[in-house]
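Going left to right, the sequence shown walks through residues 180 to 870 as my numbering numbers them.
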Amino acid sequence: MKEYRSDKLRSVGIVAHGGAGKTSVAEALLFNTGAITRIGRVDDGTTTTDFEPEEIKRKVTISAALAPCEWRDHKINFIDTPGYADFVGEVKSTLRAVDSALVVVCAASGVEVETEKAWQYISELNLPRIVFINKMDRENADFHNVIQEMKDKFGSTILPIQLPIGAEENFKGIIDLVKMKAILSSPNQRSQGAEADIPENLRETALELRQKLIEVVAESDDDLLAKYLDGEELSDEEIKIGILKGAFQGNIIPVMCGAAYKNIGIQQIMNAVLDYTPSSEASRFLGTHPVSKEIVERKASDGFSALVFKTTADPFVGRLSYIRIFSGSMKPDSMIYNASKEKIERFGNLFTLRGKHQEPLNAIYAGDIAVVAKLQETGTGDTLCEKDKPIIFEPITYPKPMFTMSIEAKNKGDEDKIGNALNRLMDEDRTFKVVKNVETKQLLVSGIGELHTDIMAERMKRKFGVDVILSDPKVPYRETIRGSVKVEGKHKKQSGGHGQYGHVWLQLDPLPMGTNFEFVDSIFGGAVPRQYIPAVEKGVREALVGGILGGYPMVDVKVTLYDGSYHNVDSSEMAFKIASTMALRKGALQAKPALLEPICNVNINVPDSFMGDVIADLNGKRGRIQGMEPITQGAGVIKAQVPMSEMFRYAIDLRSITQGRGYFDLNFSHYEEVPQRIAEMIIATSKNEEH
Numbered sequence: 180m181k182e183y184r185s186d187k188l189r190s191v192g193i194v195a196h197g198g199a200g201k202t203s204v205a206e207a208l209l210f211n212t213g214a215i216t217r218i219g220r221v222d223d224g225t226t227t228t229d230f231e232p233e234e235i236k237r238k239v240t241i242s243a244a245l246a247p248c249e250w251r252d253h254k255i256n257f258i259d260t261p262g263y264a265d266f267v268g269e270v271k272s273t274l275r276a277v278d279s280a281l282v283v284v285c286a287a288s289g290v291e292v293e294t295e296k297a298w299q300y301i302s303e304l305n306l307p308r309i310v311f312i313n314k315m316d317r318e319n320a321d322f323h324n325v326i327q328e329m330k331d332k333f334g335s336t337i338l339p340i341q342l343p344i345g346a347e348e349n350f351k352g353i354i355d356l357v358k359m360k361a362i363l364s365s366p367n368q369r370s371q372g373a374e375a376d377i378p379e380n381l382r383e384t385a386l387e388l389r390q391k392l393i394e395v396v397a398e399s400d401d402d403l404l405a406k407y408l409d410g411e412e413l414s415d416e417e418i419k420i421g422i423l424k425g426a427f428q429g430n431i432i433p434v435m436c437g438a439a440y441k442n443i444g445i446q447q448i449m450n451a452v453l454d455y456t457p458s459s460e461a462s463r464f465l466g467t468h469p470v471s472k473e474i475v476e477r478k479a480s481d482g483f484s485a486l487v488f489k490t491t492a493d494p495f496v497g498r499l500s501y502i503r504i505f506s507g508s509m510k511p512d513s514m515i516y517n518a519s520k521e522k523i524e525r526f527g528n529l530f531t532l533r534g535k536h537q538e539p540l541n542a543i544y545a546g547d548i549a550v551v552a553k554l555q556e557t558g559t560g561d562t563l564c565e566k567d568k569p570i571i572f573e574p575i576t577y578p579k580p581m582f583t584m585s586i587e588a589k590n591k592g593d594e595d596k597i598g599n600a601l602n603r604l605m606d607e608d609r610t611f612k613v614v615k616n617v618e619t620k621q622l623l624v625s626g627i628g629e630l631h632t633d634i635m636a637e638r639m640k641r642k643f644g645v646d647v648i649l650s651d652p653k654v655p656y657r658e659t660i661r662g663s664v665k666v667e668g669k670h671k672k673q674s675g676g677h678g679q680y681g682h683v684w685l686q687l688d689p690l691p692m693g694t695n696f697e698f699v700d701s702i703f704g705g706a707v708p709r710q711y712i713p714a715v716e717k718g719v720r721e722a723l724v725g726g727i728l729g730g731y732p733m734v735d736v737k738v739t740l741y742d743g744s745y746h747n748v749d750s751s752e753m754a755f756k757i758a759s760t761m762a763l764r765k766g767a768l769q770a771k772p773a774l775l776e777p778i779c780n781v782n783i784n785v786p787d788s789f790m791g792d793v794i795a796d797l798n799g800k801r802g803r804i805q806g807m808e809p810i811t812q813g814a815g816v817i818k819a820q821v822p823m824s825e826m827f828r829y830a831i832d833l834r835s836i837t838q839g840r841g842y843f844d845l846n847f848s849h850y851e852e853v854p855q856r857i858a859e860m861i862i863a864t865s866k867n868e869e870h
């Protein structure tokens with residue numbers, strides 16, 4: 180691929196709800212530019228951008244994939260992104276790396292939840308966007324209905340610049356409202372389609388939509404507005420300039436239509452990207468100086484700066500870093516500064532990827548996207564720049580993973596491998612987290628949803644040869660006492676030679692929650708010699724670790740050693756330790772033992788229409804509603820306290836209740852006593868597991 184300067188570069192993220200046809204659109208775009216020789220099919224597992232085995236197996240996009248192509252002497256870096264909620268991290272990464280977005284909407288299904296979310300992310304970044312209403316050839320396709328739905332949800336900036344000719348099996352082509360020409364489908368797959376006059380039955384509708392288009396376009400530019408108000412006709416080129424300005428300002432969102440599967444309307448997408456989205460040459464990017472923290476600006480002509488927006492872990496090639504260049508240029512075999520890590524990195528070969536196929540690059544310029552292998556210190560979100568002109572771009576923000584599973588190696592001997600594999604996957608996916616729970620001794624992995632964690636497990640096996648088992652995590656229950664008791668512990672054993680003798684009297688008292696443990700030595704007169712008192716405390720502590728109900732740690736207990744006896748010959752530290760353990764266990768059973776469970780603070784963001792259903796579900800999970808607050812028009816946050824045991828799969832439950840529109844955050848709050856009926860079940864289960 181030849182070199183392209185900033186004014187000849189575009190980077191476009193393709194986003195949509197799963198099933199709208201993003202990958203088919205990307206495939207058709209590559210085919211029309213000659214980048215590939217045949218159009219692959221998602222159902223056949225032959226598309227360029229869905230090349231991972233997990234994607235081919237499930238017929239869904241899981242990882243964002245580059246699809247660069249050349250059109251009208253420009254290079255366009257399309258990036259095909261996932262459309263399912265579990266892989267939202269890939270969408271957010273991609274949108275930080277592109278100049279604009281192509282939003283694909285199904286003509287039959289309309290605007291779906293992941294499209295709404297992607298739209299919000301795009302708006303937060305102030306990216307220009309183009310909408311492509313795909314699948315006009317499908318049953319129940321309705322262009323005008325989708326347009327109205329988009330206006331209702333996204334506002335009056337929605338502006339059709341095309342009109343379909345027919346629908347469903349009668350879909351034959353499109354009407355270009357700028358040129359006022361019909362473009363009919365052609366038997367030649369790579370043909371742009373034959374231009375023709377607009378069919379009579381659509382001429383009146385086309386004229387109405389064009390008039391609306393001209394009115395909106397004129398408002399985007401003072402010169403065009405003056406010309407329009409003077410009654411002069413706007414030329415096709417002036418209309419295009421007006422759409423470009425309006426799209427850049429966020430006042431116009433051009434809407435197109437077609438059918439990727441039949442390759443109708445695809446070449447018009449590429450023309451629209453070049454005509455209606457800006458190049459990086461005119462853009463300004465803001466960051467901060469790493470030392471002074473002052474705002475720093477970069478434009479295309481400034482020194483080199485880039486953001487690493489994606490990292491993949493390849494077991495053979497190593498780490499691949501995807502970088503978006505914001506300013507300057509770079510050649511292979513260069514030294515570059517990682518301002519985020521304050522490290523110097525060496526770039527080896529630079530290349531681009533089309534799916535999984537590499538193409539070398541001799542140089543990269545502002546606006547381009549490239550891939551670099553084997554950077555030692557650099558990870559996703561890091562800023563690369565010239566050391567004498569440092570800048571740090573804002574890192575990519577990711578949703579917090581809330582679906583947690585326990586993970587363990589299936590085969591003995593893989594325990595060492597599992598840690599390395601998980602670290603590599605965390606490096607690759609910032610919405611995937613791994614922690615070790617010190618209380619339950621379990622290794623826990625967290626992702627966005629069940630599909631996410633399942634696919635990570637599959638990748639561990641494929642990439643790193645580690646077969647794993649995923650299961651529900653154990654809840655870190657604790658035990659305590661509610662009453663006070665005095666108890667004796669005596670360990671006496673005679674078996675030839677020295678015997679064993681330890682004798683203690685302990686008082687057990689409950690402590691305020693969160694106090695954990697207190698040991699008090701109240702011995703007077705040497706009933707228990709000083710040298711044995713540490714052994715008494717040690718025995719008590721060891722007994723607390725195992726509890727007495729379900730084997731859970733005992734907390735919030737005060738233990739007072741107030742009496743005992745000893746033997747000059749047979750007493751030992753071990754004997755007093757055993758006596759103390761016996762006393763603690765016996766006394767705890769008499770002191771109204773109770774089971775405690777962790778309670779979490781949960782904040783749930785949810786549309787108003789689902790508030791009642793979410794609250795009802797929380798009540799069924801033994802949750803306590805703490806309050807509700809509005810956050811935006813039509814949405815609010817529910818604040819609640821819910822037992823941790825009810826929250827491990829809440830990501831799935833909430834998605835089902837709110838049709839994917841709700842999300843939540845949680846953190847540990849405190850421990851509370853488990854209701855008696857539930858406690859009995861937990862204790863019985865724990866004892867069965869021991870056996």
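Don't be surprised by glycine CBs; every beta carbon is placed ideally from N, CA and C.
Contact belief for residue i with residue j at Cβ below 8 Å, rounded distance in angstroms
i, j, result
"Ile648", "Glu587", "5 Å"
"Phe611", "Leu622", "About 13 Å; that fails the 8 Å criterion."
"Gly802", "Ala814", "About 20 Å separates the two Cβ atoms, so there is no contact after all."
"Tyr711", "Glu752", "6 Å"
"Gly437", "Asn313", "7 Å"
Reduced DSSP category for residue i - H, G, I as helix; E, B as strand; rest coil
i, result
"Pro121", "Outside the shown range of the chain (180 to 870) lies residue 121, about which nothing can therefore be said."
"Arg803", "strand"
"Asp259", "strand"
"Ser835", "helix"
"Thr294", "helix"
"Tyr528", "Reading the sequence as shown, one finds Asn at residue 528 and not Tyr. Coil, per DSSP."
"Tyr731", "coil"
"Ser364", "coil"
"Gly425", "helix"
"Met826", "coil"
"Thr240", "coil"
"Met605", "helix"
"Pro247", "strand"
"Leu582", "Rather than Leu, the amino acid found at residue 582 in this sequence is Phe. If DSSP states are grouped into helix, strand and coil, Phe582 belongs with the strands."
"Glu374", "strand"
"Ala552", "strand"
"Thr576", "coil"
"Thr156", "Nothing can be reported for residue 156, as the shown portion of the chain is limited to 180 through 870."
"Met860", "helix"
"Phe505", "strand"
Residue i and residue j closer than 8 Å at C-beta
i, j, result
"Ala830", "Met581", "yes"
"Leu356", "Leu342", "yes"
"Ser203", "Ala439", "yes"
"Ser759", "Val724", "no"
"Ala762", "Ile660", "no"
"Arg184", "Leu453", "no"
"Thr729", "Ile862", "Checking the sequence shown, residue 729 turns out to be Gly, not Thr. Yes; because the gap between Cβ atoms is below 8 Å, this pair is in contact."
"Leu532", "Leu540", "no"
"Val707", "Val736", "no"
"Ile393", "Leu413", "yes"
"Thr227", "Ala199", "no"
"Gly841", "Val785", "yes"
"Lys520", "Asp567", "no"
Any chance you could list the alpha helix (DSSP H) runs of at least 4 consecutive residues sitting entirely within the segment 615-688, in chain order?
-> 629-643
Would you call the segment 477-487 and the segment 304-315 touching, i.e. three or more CB-CB distances under 8 Å?
-> no
Taking the runs of the beta strand (DSSP E) that are 3 residues or longer, which of them lie wholly in the segment 379-422?
-> none
Looking at C-beta atoms only, is the number of pairs between the segment 543-554 and the segment 504-524 that lie closer than 8 Å three or more?
-> yes
Mind listing, in chain order, the continuous beta strand (DSSP E) runs of no fewer than 3 residues lying wholly within the segment 436-487?
-> 463-467 and 474-478
Output the residue ranges of the beta strand (DSSP E) runs that lie fully inside the segment 307-334 and measure 3 residues or longer, sorted by chain position.
-> 308-313
Are the segment 262-277 and the segment 206-217 touching by the rule of at least three beta carbon pairs closer than 8 Å?
-> no
Count the C-beta pairs between the segment 448-464 and the segment 488-501 that are closer than 8 Å, then say yes if the count reaches three, no if not.
-> no
List in chain order: all unbroken beta strand (DSSP E) runs of 3+ residues lying wholly within the segment 332-357.
-> 337-339, 341-344 and 352-355
Does the segment 413-425 come within contact of the segment 387-401, defined as at least 3 CB pairs closer than 8 Å?
-> yes
Is the segment 315-333 in contact with the segment 287-298, if contact means three or more CB pairs nearer than 8 Å?
-> yes
Spell out a yes or no on whether the segment 228-235 and the segment 464-471 are touching, meaning 3 or more CB-CB pairs, one atom from each, closer than 8 Å.
-> no
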